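There are 2 protein chains.
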Amino acid sequence: MKTWKTVAIVGVGLIGGSIGRALLHKKLAQHVVGVGRDLRKLQRARRMGIVTEVSHDVEAGVREADLTVVCTPVASIVEHVLRVAAACPSGALITDVGSTKSAIAAALQGKKRLGGATFVGSHPLAGSEKSGFENSRTDLLEGRIVIVTPSASAPESAVRRTVSFWRQLGAEVRRMSPRDHDRALAATSHLPHVIASALAASTPAQVLTLAATGWSDTTRIASGDVRLWEQIVMQNRGHVLKSLDKFEKVLSSLRSSLESGNPRQLKTILAKGKQHRDSVGS
Amino acid sequence: MKTWKTVAIVGVGLIGGSIGRALLHKKLAQHVVGVGRDLRKLQRARRMGIVTEVSHDVEAGVREADLTVVCTPVASIVEHVLRVAAACPSGALITDVGSTKSAIAAALQGKKRLGGATFVGSHPLAGSEKSGFENSRTDLLEGRIVIVTPSASAPESAVRRTVSFWRQLGAEVRRMSPRDHDRALAATSHLPHVIASALAASTPAQVLTLAATGWSDTTRIASGDVRLWEQIVMQNRGHVLKSLDKFEKVLSSLRSSLESGNPRQLKTILAKGKQHRDSVGS
Chain P
0 MKTWKTVAIV
10 GVGLIGGSIG
20 RALLHKKLAQ
30 HVVGVGRDLR
40 KLQRARRMGI
50 VTEVSHDVEA
60 GVREADLTVV
70 CTPVASIVEH
80 VLRVAAACPS
90 GALITDVGST
100 KSAIAAALQG
110 KKRLGGATFV
120 GSHPLAGSEK
130 SGFENSRTDL
140 LEGRIVIVTP
150 SASAPESAVR
160 RTVSFWRQLG
170 AEVRRMSPRD
180 HDRALAATSH
190 LPHVIASALA
200 ASTPAQVLTL
210 AATGWSDTTR
220 IASGDVRLWE
230 QIVMQNRGHV
240 LKSLDKFEKV
250 LSSLRSSLES
260 GNPRQLKTIL
270 AKGKQHRDSV
280 GS
Chain U
0 MKTWKTVAIV
10 GVGLIGGSIG
20 RALLHKKLAQ
30 HVVGVGRDLR
40 KLQRARRMGI
50 VTEVSHDVEA
60 GVREADLTVV
70 CTPVASIVEH
80 VLRVAAACPS
90 GALITDVGST
100 KSAIAAALQG
110 KKRLGGATFV
120 GSHPLAGSEK
130 SGFENSRTDL
140 LEGRIVIVTP
150 SASAPESAVR
160 RTVSFWRQLG
170 AEVRRMSPRD
180 HDRALAATSH
190 LPHVIASALA
200 ASTPAQVLTL
210 AATGWSDTTR
220 IASGDVRLWE
230 QIVMQNRGHV
240 LKSLDKFEKV
250 LSSLRSSLES
260 GNPRQLKTIL
270 AKGKQHRDSV
280 GS
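Sequence lines, in order, name chains P and U.
Here the first sequence is numbered in numbering that gives the first Met the number 0, starting from 0 and rising by one per residue.
Here the second sequence is numbered in numbering that gives the first Met the number 0, starting from 0 and rising by one per residue.
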């Protein structure tokens, strides 16, 4: 017997596609319904073995789903969760893969409209500058961290089912409040993204042919989808600003070191940066 | 007949070691002399097929060298070039692999002490956060850009020999003045390095376990050698400060977008960053 009878994936992109592949490859679900607007793309995903059924109608697609994973851009997650909740079976579980959690949790908090369904937020730390189900991989979540962010009112049984879902896909699960999640991710993901973008944007176009490995690594994530990242950063702008404060403090110390010609502060920054970087590994 | 009878490499690290490997692999030199302070390490490099002879004495090591490549940290390049020039055969060529070029060119400009030797500066864009000859590779320079930065007084024949040396190793050569080099590299290499360091340094240690691919890519070069990079950045601080000005202007526009909640400027930065990044490729 499969663990899940029917899993619906709303938004079959890099993450949604990789979840579908893994569910089918590991034989964890009987049916995986891909839900999206573009039926032709969904049918291609079905032919690629990413989903078993397709629907361009959210309500129809989730009707049988004991689990729905909402994988749409963060600004439309709340709307999708509400539509899924209104159409899915009673007792069903809904989760998401959004990069911000507080705004979503706040919008869904105390909503009676979830009916018999339960929402527990999730965030798999498995992004990429690539997107689309064409880049999806069966092992994308293998060994990756997924942060599960239940709101205070979420029933413990639903939280446990969510945790177990991600573990089945090979992920390592951490549990955090939506607020702690957003504060941490501002520092580890959202600020790095805007810094990479600002650095790439500020590099004069005429010297880009001299960009080597260092520039390319440092700016790699600037290649990410503009609309998706605009939503993520704006939704979490309070915490991103606090991380930016910390960064600018270091930058100002760097500037005075360069202006004065005294390498002391520069050395401190290079040494602390190396220590943090080396502690994370490749 | 080999192209070079004897090439001396002063400082057998990642770049020096890769040059030695490539010279021997491509049968471009009869003798490759590794010069450094640690004789035991040099002997290990010889056993690994990176050099054919070793010397812990600069003067003795370059006595027969028709070409010497100085691969030491930027702050000691001038001193090494002068020592090499005093000991190498008349008519010999000296180049280097330093990441900054103006300070070195200025210090050597008009020096009579170069005797019969000629110095032409070079900078292979083939760095890495890794170091040491243990990480050297025969193909490190294959397809990479090497910037050759002759001072105005360098004889054209010596410049052509330098260009041809790097081409023999598989590199693509660009010719620039030391000053143009330093201005461009401040933007494409030195600023990215300090930004990566500042970002890594400003990330609170307690959230580093949540760092995923994005953070790791953006901060990768912060793992580089602190002492080497301190020298590079300080030697080129004038141009690095000008690049920092441009970056901070973008950052301040980002900040007002986040503070006001109006995504317009954020979107402009994300879009321009993506455009620049995509134009460079992986």
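By construction, the Cβ of each residue, glycine as well, lies at the ideal position given by its N, Cα and C atoms.
Just so it is clear, the structure is predicted and the values come from calculations on it, not from any experiment.
Next item on the list: Using a Cβ-Cβ cut-off of 8 Å, state whether U/His192 counts as contacting chain P.
Entry: yes
Next item on the list: Consider the Cβ of U/Ala225: report whether some Cβ of chain P lies at a distance smaller than 8 Å.
Entry: In the sequence under discussion, the amino acid at residue 225 of chain U is Val, which differs from the Ala named in the question. Yes, contact with chain P.
Checklist line | Integer Cβ distance of U/Thr99 from U/Ser121, believed to fall under 8 Å | finding: Contact doesn't hold; Cβ gap of about 12 Å is too wide.
Check: Helix or strand or just coil, what does DSSP make of P/Pro203?
Finding: coil
Item checked: Within chain U, the residues that P/Lys273 reaches when beta carbons sit closer than 8 Å -> Ser196, Ala199, Ala221, Ser222, Gly223, Val225
Note to self: Between U/Gly126 and chain P, is the shortest Cβ-Cβ distance under 8 Å, so that the two count as touching?
What the structure shows: yes
Check: Who are the neighbours of U/Ala91 on chain P, taking C-beta pairs under 7 Å?
Finding: Result: empty, since nearest Cβ-Cβ is about 29 Å, beyond 7 Å.
Item checked: Within-8 Å CB hit, P/Ile76 to chain U -> no
Note to self: What would DSSP say about U/Lys40, mapped onto helix, strand or coil?
What the structure shows: helix
Next item on the list: Return helix, strand or coil for U/Ile8, following the three-state DSSP convention.
Entry: strand
Note to self: Contact criterion: CB-CB distance below 8 Å. Does P/Arg236 meet it with respect to chain U?
What the structure shows: yes
Note to self: Just checking: is the beta-carbon of U/Trp165 within a distance shorter than 8 Å of some beta-carbon in chain P?
What the structure shows: no
Next item on the list: Please confirm whether U/Ser127 and P/Val279 have their CB atoms less than 8 Å apart.
Entry: no
Next item on the list: Quick one: grab the DSSP three-state call for P/Val50.
Entry: coil
Next item on the list: Check each residue of the segment 243 to 264 of chain U: if its Cβ is closer than 8 Å to any Cβ of chain P, include it; give the result in chain order.
Entry: Leu243, Lys245, Phe246, Glu247, Lys248, Val249, Leu250, Leu253, Arg254, Leu257, Glu258, Gly260, Pro262
Check: Is P/Pro123 helix, strand or coil when you go by DSSP?
Finding: strand
Next item on the list: Output yes if chain U places a C-beta closer than 8 Å to the C-beta of P/Pro203; else output no.
Entry: yes
Checklist line | U/Glu78, DSSP secondary structure in three states | finding: helix
Note to self: So that I know if they touch, is there some Cβ in chain P lying closer than 8 Å to that of U/Ala28?
What the structure shows: no
Check: Taking buried to mean at least 16 other C-beta atoms within 10 Å of its own C-beta, is U/Glu229 buried or exposed?
Finding: buried
Note to self: Against U/Gly213, what residues of chain P qualify as contacts under a CB-to-CB distance less than 7 Å, listed in chain order?
What the structure shows: Gly126, Ser188, Pro191, His192, Ile220
Check: What residues match up with U/Leu66 in a beta bridge as DSSP calls it?
Finding: U/Val6, U/Leu92
Margin query: Using a Cβ-Cβ cutoff of less than 8 Å, which residues in the same chain neighbour P/Ser242 once the five nearest sequence positions on both sides are dropped?
Written below: Ala185, Ala186, His189, Leu190
Margin query: Could you give the first and the last residue of the continuous alpha helix (DSSP H) run that contains P/Ile14?
Written below: 13 to 24
Next item on the list: Could you round the C-beta distance between P/Arg62 and P/Cys87 to whole angstroms and report it? I think they count as a contact, below 8 Å.
Entry: 7 Å
Checklist line | Contacts that P/Val96 makes with chain U (C-beta to C-beta distance below 7 Å) | finding: Residues of chain U passing the Cβ test: none, with the nearest at roughly 13 Å.
Check: Which residues in the same chain as U/Gly289 place their Cβ atom closer than 7 Å to its Cβ, once the five residues preceding and following it in sequence are excluded?
Finding: In the structure displayed, chain U extends from 0 to 281; residue 289 of chain U sits before or after that span and is not available.
Note to self: Using a Cβ-Cβ distance cut-off of 8 Å, determine whether U/Ala84 contacts chain P.
What the structure shows: no
Checklist line | Distance, U/Val147 Cα to U/Val172 Cα | finding: 7 Å
Check: Can you name the start and end residues of the beta strand (DSSP E) that P/Gln274 belongs to?
Finding: No beta strand (DSSP E) contains P/Gln274, which is instead part of the alpha helix (DSSP H) from 263 to 279.
Note to self: I need the DSSP call for U/Glu171, collapsed to helix, strand or coil.
What the structure shows: strand
Next item on the list: Check whether the Cβ of U/Ala106 lies closer than 8 Å to any Cβ atom in chain P.
Entry: no
Next item on the list: Counting only runs of 4+ residues fully inside the segment 213 to 253 of chain P, write out the alpha helix (DSSP H) ranges in chain order.
Entry: 225 to 234
Notebook entry, point to check: Going along chain U, which residues have a C-beta under 8 Å from P/Glu229?
Noted result: Pro262, Leu265, Lys266, Leu269
Notebook entry, point to check: Can you name the residues of chain U whose CB is closer than 7 Å to the CB of P/Asp216?
Noted result: Asp216, Arg219, Ile220
Check: Span of the alpha helix (DSSP H) holding P/Ala28?
Finding: Premise fails: P/Ala28 lies in the beta strand (DSSP E), 28 to 34, not in any alpha helix (DSSP H).
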